Amino acid sequence: MSGIPPPNIAIIGGGIGGAFAAAWLRNASVRHLDVYEASERIGGRTLATQDQDETWATVELGASMGITENRYILEAARSLGLATELRSEVSWRGGGRLAIVGAGRKLAFEEGAWKATTLVRLLSRYGGRTLYRLGQQGSEFIRNFSRIYAAQDDGRAFATVDELLAVGGLHEWPRRSCAEAMAVLFSDAAAPAATELVAGLMRNNYGQDWAPSGALCCFTAIAPLAAGGSAAAIGLVGGWEGLTRGLLQSSSRSRSRRGSAGEDDPAAATIGATRPQLHLSRQVTSVVTQDDGRFVLSFADGSSAARVYDHVVLAAPCPTLPATAEAHDESPNLLRRCAPVPYQHVYVTLVWGWLDPAYFGKSEHAASFNAKFSDVLVADAAGRSVPFLSIGRFDEQHAPPAFPSAAVSAHDSAECARLYAGAHDGAGAIPRWKLFSAHELSPSDLAPLILCHEERLTVRHAWTSPGAYPISRPRNLSSFVLHESVSGGLFLHPSAIEAATSAMEVVAVAARNAALLLVQRLAQIRRANRLRENAELHQKFVEANAARAEADAAPPKSQFPRGETPNAKVGKGECAAGERVQPGE
Ligand SMILES: Cc1cc2nc3c(=O)[nH]c(=O)nc-3n(C[C@H](O)[C@H](O)[C@H](O)COP(=O)(O)OP(=O)(O)OC[C@H]3O[C@@H](n4cnc5c(N)ncnc54)[C@H](O)[C@@H]3O)c2cc1C
Numbered sequence: 006m007s008g009i010p011p012p013n014i015a016i017i018g019g020g021i022g023g024a025f026a027a028a029w030l031r032n033a034s035v036r037h038l039d040v041y042e043a044s045e046r047i048g049g050r051t052l053a054t055q056d057q058d059e060t061w062a063t064v065e066l067g068a069s070m071g072i073t074e075n076r077y078i079l080e081a082a083r084s085l086g087l088a089t090e091l092r093s094e095v096s097w098r099g100g101g102r103l104a105i106v107g108a109g110r111k112l113a114f115e116e117g118a119w120k121a122t123t124l125v126r127l128l129s130r131y132g133g134r135t136l137y138r139l140g141q142q143g144s145e146f147i148r149n150f151s152r153i154y155a156a157q158d159d160g161r162a163f164a165t166v167d168e169l170l171a172v173g174g175l176h177e178w179p180r181r182s183c184a185e186a187m188a189v190l191f192s193d194a195a196a197p198a199a200t201e202l203v204a205g206l207m208r209n210n211y212g213q214d215w216a217p218s219g220a221l222c223c224f225t226a227i228a229p230l231a232a233g234g235s236a237a238a239i240g241l242v243g244g245w246e247g248l249t250r251g252l253l254q255s256s257s258r259s260r261s262r263r264g265s266a267g268e269d270d271p272a273a274a275t276i277g278a279t280r281p282q283l284h285l286s287r288q289v290t291s292v293v294t295q296d297d298g299r300f301v302l303s304f305a306d307g308s309s310a311a312r313v314y315d316h317v318v319l320a321a322p323c324p325t326l327p328a329t330a331e332a333h334d335e336s337p338n339l340l341r342r343c344a345p346v347p348y349q350h351v352y353v354t355l356v357w358g359w360l361d362p363a364y365f366g367k368s369e370h371a372a373s374f375n376a377k378f379s380d381v382l383v384a385d386a387a388g389r390s391v392p393f394l395s396i397g398r399f400d401e402q403h404a405p406p407a408f409p410s411a412a413v414s415a416h417d418s419a420e421c422a423r424l425y426a427g428a429h430d431g432a433g434a435i436p437r438w439k440l441f442s443a444h445e446l447s448p449s450d451l452a453p454l455i456l457c458h459e460e461r462l463t464v465r466h467a468w469t470s471p472g473a474y475p476i477s478r479p480r481n482l483s484s485f486v487l488h489e490s491v492s493g494g495l496f497l498h499p500s501a502i503e504a505a506t507s508a509m510e511v512v513a514v515a516a517r518n519a520a521l522l523l524v525q526r527l528a529q530i531r532r533a534n535r536l537r538e539n540a541e542l543h544q545k546f547v548e549a550n551a552a553r554a555e556a557d558a559a560p561p562k563s564q565f566p567r568g569e570t571p572n573a574k575v576g577k578g579e580c581a582a583g584e585r586v587q588p589g590e
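Quick note: the working numbering has the sequence shown finishing at residue 590, numbered continuously throughout.
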């Protein structure tokens, strides 16, 4: 057993990536596993509205959906006892239909009331062959990505994003644009399947135009469609934030499962040998190496003493650091090794009210129009004519208190009163809409779109620091390894994968890769230490033997004066009387 103490590991970032990294490191023999989170809450980009009122369900403001093929997030949820729900089965999504806004804000596509109607509309608008190829490519993407799970189960770890993606044959995709990838599928880049379906999903999932984006990001956006649309989309009851919390914090429930958690159960981190220690409101501002190769972390508040670690995992986007002349310093801040990518700003607005059919060029009654739709996507042709990127429905069984109030604008107060009364007469719940937009939506942006909009009930959240997800472009990707120190210490950046595509499952995969890299490095260091210790022992043994041999060879200290020993006349090779010398003696 090595006399060297087990290492200390720091994880920077208390989002789902940091939580999974801590979880995957559960079995590593680590002395301290510290997770530093800059803000006062864990979860990062998994964030749900807090229950302002017990009767209102939470609504996701950040990541909201996984798909049935997302092995890690679903297994972790299961093992933590967290309930998942299929989007298609929840009651709070209204009629469940999808619409796509096109030119002149008219609906270019509407799902029908019957599956057969929808199919006919899909085939006539987008073409059977195109839809088939799109679905086939999406499914192939999911299958290829799944090959990474098998590699990780075999214990394989990768130093670069390219190497990890190569396992699924996906390594060229980040360098290819979505337009290039789609050109293989559609003979015409202006094909409605691209400019409406792919475009709408890219705006909804990544807030960006599809054509210049990276192909991997584009395929992540269409994967839910290929996986079966809303039938395959999965939410976590109470919000995905609960998964991050569950992975990081120990709970009595997970403790009681001790021993029952399988080898590959990331939730076991909360109950395994190494429980992560969470430090909130601790923003790491610098990581430098000291002479022995260990990493020193410093914090924004200055009041916290610097801490020393053998290995560090940056499970967060690259920080933007003020420019300094420190490049010439003896110990440059290793956070600067991180290659930043620009992030897309996204604004979320949660608003009660009814979508105004007139806004979409419809003359039907608001109640029936609203009863149909749960999702509204934006096609290229709608361009900048709408202020939102997508709209989704998340209503409640219970109306907000005193809704609508006298504050609702005079021009639609009569209509509001009718709609409100209708909702209470069983004509449907009062809809609550979640709008994603690239700019903050003002009350005057909402007024023409939402009937009975009440500003006092509107919830807003801005993803601006650094943003919601990287601006997707074809690009070369960085290494997961930001630095390797003289002592063998690793400074890893699993979030480097986000430059290719960003999703909870992708981040969990990168976190497992970081854990595998670390576990392998710890084993190497232990082996090297054992070899060194063995060599030292061997050296000591040789030296001790040599000393003994020397001592044995030296003439015994005489008790007689020189020349007066009893055998003084006995020469080399001659024995005293009665003695025999054996060979080798
Ligand atoms: C609006 C929106 C919708 C999305 N929808 C989906 C979806 O439906 N499905 C899906 O799979 N994904 C979705 N995503 C993407 C998904 O949220 C991210 O891929 C994932 O949450 C990233 O997790 P992370 O832990 O890597 O980063 P983050 O969640 O950003 O966590 C990083 C954490 O590190 C902290 N931190 C940063 N710097 C420091 C520092 N120097 N010191 C200490 N702490 C630091 C931050 O405060 C943060 O808490 C969505 C994202 C957004 C914003």
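Think of the CB as a built atom: it goes at the ideal place given N, C-alpha and C, for glycine as much as any other residue. A quick note: this is a predicted structure, and the numbers were derived from the prediction, not measured.
Based on the DSSP secondary-structure assignment, which residues constitute the bridge partners of S395? L382, F441
Would you say the beta carbon of Y643 is closer than 8 Å to some non-hydrogen atom of ligand 1? Limits of the chain in this structure are 6 at one end and 590 at the other, which puts residue 643 out of reach.
Using the rule of at least 16 other Cβ atoms within 10 Å of the residue's Cβ for burial, across every protein chain shown, is A266 buried or exposed? Residue placement at A266 cannot be trusted, given a pLDDT of 30 that sits under 50; the coordinates are not used to answer.
Among A156, P197, R98, H37, whose alpha-carbon lies nearest the alpha-carbon of L128? P197
Quick check on this structure: which residue in L283, L79, G397 has the alpha carbon closest to the alpha carbon of T354? G397
At 4 residues or longer, what runs of the alpha helix (DSSP H) sit wholly inside the segment 177-231? 183-190, 204-211
Are the beta-carbon atoms of T165 and L482 separated by less than 9 Å? yes
Would you call Q295 buried or exposed, if buried means 16 or more other Cβ atoms sit within 10 Å of its Cβ? exposed
Taking the C-alpha atoms as reference points, what is the distance between P362 and V317? 53 Å
Can you find the residues in the same chain that come closer than 6 Å, C-beta to C-beta, to N210, ignoring five residues on each side of it along the sequence? A226
Excluding the 5 residues flanking Y352 on each side, which residues of the same chain have their C-beta closer than 6 Å to its C-beta? S442, E445, A467
Using only alpha-carbon positions, find the residue among L230, M207, G101, L124 that is nearest to G140. L230
Give a single yes or no on whether T290 has its beta carbon closer than 8 Å to a heavy atom of ligand 1. yes
Out of curiosity, what's the CA-to-CA distance linking R537 and G160? 26 Å
Rounded to whole angstroms, what's the CA-CA distance from V172 to E74? Just pull it up for me. 17 Å
How about V524 and L169: do their beta carbons lie closer than 9 Å? no
Which value, in whole angstroms, describes the spacing of the CA atoms of I78 and E510? 6 Å
I'd like the list of long-range same chain contacts for T463, defined as Cβ closer than 6 Å, with 5 residues on each side in sequence excluded. V356
What is the rounded straight-line gap between the Cα of Q288 and the Cα of S447? 32 Å
Is the distance from the Cβ of A232 to the Cβ of S286 below 9 Å? no
F591 beta carbon near ligand 1 (any heavy atom closer than 8 Å): In the structure as shown, the chain begins at 6 and stops at 590. Residue 591 is therefore absent and cannot be evaluated.
Can you find the residues in the same chain that come closer than 7 Å, C-beta to C-beta, to R341, ignoring five residues on each side of it along the sequence? L326
Three CB pairs or more closer than 8 Å across the segment 79-91 and the segment 239-247: yes
Residue range of the alpha helix (DSSP H) that includes S151: 133-158
Given 8 Å as the limit, tell me if V35 has its C-beta closer than that to any heavy atom belonging to ligand 1. no
Just grab the DSSP bridge partners of A467 for me. Y352
Is V353 near ligand 1, judged by its Cβ being under 8 Å from some heavy atom? yes
Any heavy atom of ligand 1 closer than 8 Å to the Cβ of A24? yes
Beta carbon of G472, beta carbon of H350: below 9 Å? yes
Residues near G99 in its chain [Cβ-Cβ closer than 8 Å; skip 5 each side]: N375, A376, K377, F378, S379, R398, D400, G433, A434, P436
Residues of its chain near S490, where Cβ-Cβ distance is below 8 Å and the 5 sequence neighbours each way are ignored: T294, G298, R299, F300, F496
Consider the C-beta atom of G67 and the heavy atoms of ligand 1; say whether any pair is separated by less than 8 Å. yes
Under the criterion of a Cβ to heavy atom distance below 8 Å, does Q512 qualify as lining ligand 1? Residue 512 is actually Val in this sequence, not Gln. Checking the Cβ of V512 against ligand 1 gives yes.
Which two residues bound the contiguous alpha helix (DSSP H) that contains V313? Careful: V313 lies outside any alpha helix (DSSP H), inside the beta strand (DSSP E) at 312-314.
Are there 16 or more other CB atoms within 10 angstroms of the CB of P217, so buried, or fewer, so exposed? exposed
Under three-state DSSP, which class holds I17? strand
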